[in-house]
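Data block below; observations after.
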Amino acid sequence: IVCHLDPQHYTLSFNRNIMHEIKLLIFFSTGSCVKTNCTEFRSTSCLPCLEGTYMNQPTERTQCFPCTNCDAGSGLKIKTSCTSTSDTVCEPLEGFYCMDVKDKCCMAAQRHKHCEPGQYISKKGTASTDTECSDCTDGTFSNGTFTSCQPHTQCESVNLQLIRPGTATTDAQCGHSSNTTVTVISIVVPIVLLICISLPIVYIVRKKRKSLTGKILTAEYSGEASLLALAFACIFLLIFLFFCCEKIQAVAETLIFVDIGGCCNISIFCMTSSVQCEHGLPTA
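Letter 153 of the sequence shown, counting from 1, is numbered 780 in my numbering, and no numbers are missing.
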């Protein structure tokens, strides 16, 4: 038998002296498959691979291989499209990393891990490796998306007052101390002034009434002494407020928690900005 090689097909010549049947395997080049085998009377022919199929090696197969599908639902995308001589090459989507590689093609991918609050991204994920996380140290915080933990804000350095200390997940909260002072003074002082103004008026009215009704002077003097004592107490209170406003401010900025049944159920708000009840006081 003589075999003549051609780019598209093979031809065979049979020696008439050979009487027994010969089975011959024919292999075709990449990008095609066997269409019809050769016989004594015709040559073997090949068939190019159809769209969506490929053949990357010489073969005797009558069908080409189906192209691999890069499924986005599996975290994959096309890196190199399929041709008649090569399969599709897949790679991970953005935010995914490859878990299974076969013939330089990613077969399965998984989403990068998300760091928890209180952790920072110590090593960013790549197409072949997952994200690595590390815990924040004392005095720093992260919401889980930072590449490094951030230091807590020092309220004193920016002339503010600490409202809530920082944690591993949140920054310290600062506020203006002057707001509380103004609030306290604007509420307490008018009340005290109202009392001080009303005392002389009450005294005069009572004195006139007692004079008209003819009551004894001892009762009049007794009432006068009581009102004068209240007036002096009022003046003393004003002086106290003037010199001790800082202490009043500190008291006003304290949120008193009343614990009932182990839970923080009642909060008494002392004329300050809104503060949330986070932790109940321990019960006795």
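Yeah, the Cβ is synthetic: ideal placement off N, Cα and C, and Gly gets one too.
Item	Value
Is it true that the CB of Thr710 sits closer than 8 Å to the CB of Val716?	no
Mark Asp714 as exposed unless 16 or more other C-beta atoms lie within 10 angstroms of its C-beta, in which case mark it buried.	buried
Decide yes or no for the touch test of the region 770 to 781 against the region 734 to 750: beta carbon pairs closer than 8 Å, at least 3 of them.	yes
Which word fits Thr736, buried or exposed, when buried means at least 16 other C-beta atoms lie within 10 angstroms of its C-beta?	Here residue 736 is Ala; the residue named in the question, Thr, does not match the sequence. So Ala736 counts as buried.
For the putative contact between Ser775 and Tyr747, defined by C-beta atoms under 8 Å, what is the C-beta separation to the nearest angstrom?	6 Å
Quick check: the Cα distance between Ser701 and Gln781, rounded to an integer number of angstroms?	46 Å
Could you compute how far the alpha carbon of Ile790 sits from the alpha carbon of Cys801?	5 Å
Going by DSSP, what residue range makes up the beta strand (DSSP E) through Lys750?	Gln746 to Lys750
Using only the alpha-carbon positions, how far apart do Gln777 and Thr767 sit?	5 Å
Is Gly722 helix, strand or coil by DSSP?	coil
Identify the continuous beta strand (DSSP E) that holds Gln788 and give its terminal residues.	Gln788 to Arg791
In this structure, how does DSSP classify Ala699 when only helix, strand and coil are distinguished?	helix
Who does Thr822 pair with in a DSSP beta bridge?	It is Ile, not Thr, that sits at residue 822 in the sequence shown. DSSP, once it has assigned bridges, lists no residue as partnering Ile822.
Look at the alpha carbon of Met734 and the alpha carbon of Glu718, and state the distance between them as a whole number of angstroms.	8 Å
Looking only at its own chain, which residues have a Cβ that is under 6 Å from the Cβ of Asp762, when we skip the five neighbours before and after it?	Gln746
Ordered along the chain, which non-local residues of its own chain (more than five positions away) have a Cβ less than 7 Å from that of Lys731?	Val716
Along the chain, where does the beta strand (DSSP E) containing Gln800 start, and where does it finish?	Gln800 to Gly802
Alpha carbon to alpha carbon, how far is Glu687 from Asn696?	25 Å
When DSSP labels each residue in this structure, what does Cys694 get in the three-state scheme?	coil
Starting from the C-beta of Asp757, find all residues in its chain whose C-beta is less than 7 Å away, skip the five residues before and the five after it, and write them out in chain order.	Tyr724, His739 and Lys740
Is Pro685 helix, strand or coil when you go by DSSP?	coil
Going along the chain, which residues of its own chain have a beta-carbon closer than 7 Å to the beta-carbon of Ile705, five neighbours each way excluded?	Cys697, Thr715 and Cys717
Within 10 angstroms of its Cβ, does Gly722 collect 16 or more other Cβ (buried), or is it exposed?	exposed
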